[in-house]
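1 is the number of the first residue of the sequence shown in UniProt numbering; add one for each residue after it.
Down below is the structure, laid out as structure tokens.
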Amino acid sequence: MANEKRKNLTPVQQEYHLFEKERETKRPVFKNCLRAFFVGGLICAVGQAISYFYMYFFDFTEQTAGNPTVATMVFLSMILTGIGVYDRIAQFAGAGSAVPVTGFGNAVISAAIEHRTEGFVLGVGSNMFKLAGSVILFGTFAAFVVALVKTIAVKWGGLG
1 MANEKRKNLT PVQQEYHLFE KERETKRPVF KNCLRAFFVG GLICAVGQAI SYFYMYFFDF
61 TEQTAGNPTV ATMVFLSMIL TGIGVYDRIA QFAGAGSAVP VTGFGNAVIS AAIEHRTEGF
121 VLGVGSNMFK LAGSVILFGT FAAFVVALVK TIAVKWGGLG
């Protein structure tokens, strides 16, 4: 199909296509994947260490340590975004820094920082959740659906 399209190109279009191919930036896909994998893994390892910290020093269980761990990770990513460090990490790691929960904190605080000159209410307040709003909405809706399915299953005796 692609070859058929090239055959129908005019000589000028073919010349431009070659010109474009020569100057196209080569993307280091494998290197980017490795960076994302290792930085994302490092972020998750820090999260696991924080979880162990809450279990060891504050007597949380494995199940109850999750909430304060997530809150701490989001808070740390917001602090690092505020001082400009998280942006450098994201530039280096790409999706490796965006996929963990720290990417959520970065998205919220980045929008707030960007619009702070417009004031606290109209700037920060109204724009803070522009990027993260869809994540919050989907998470809330998904939690509702899962809770509804579980409630129906328990009510009908499927789950005990």
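Each residue gets a CB set at the ideal place from its N, CA and C atoms; glycine is no exception.
Predicted model, so just to flag it, every value in this text is computed and none were measured.
Test item: CB-CB of residue i and residue j under 8 Å
i	j	result
T69	G47	yes
V101	V121	no
A93	A132	no
A65	Y54	yes
Straight-line Cα distance separating residue j from residue i
i	j	result
K155	V135	30 Å
R35	P28	11 Å
F60	C44	19 Å
M1	T25	With a pLDDT of 47 at M1, under the threshold of 50, the modelled position of this residue cannot be trusted; read the value that follows with caution. Using only the alpha carbons, I get a separation of about 24 Å.
Q14	E22	13 Å
M78	N127	16 Å
F37	K31	10 Å
F57	N67	15 Å
H17	L9	9 Å
V85	L76	11 Å
F19	G105	42 Å
Nearest-angstrom Cβ-Cβ length linking residue i and residue j, presumed shorter than 8 Å
i	j	result
A90	A98	7 Å
G96	V12	Not confirmed; about 42 Å, so no contact.
Endpoints, the alpha helix (DSSP H) within which residue i is located
i	result
Q14	P11 to R23
R88	V85 to A93
A71	G66 to G82
K150	G133 to K155
F53	V29 to F57
F104	V101 to E114
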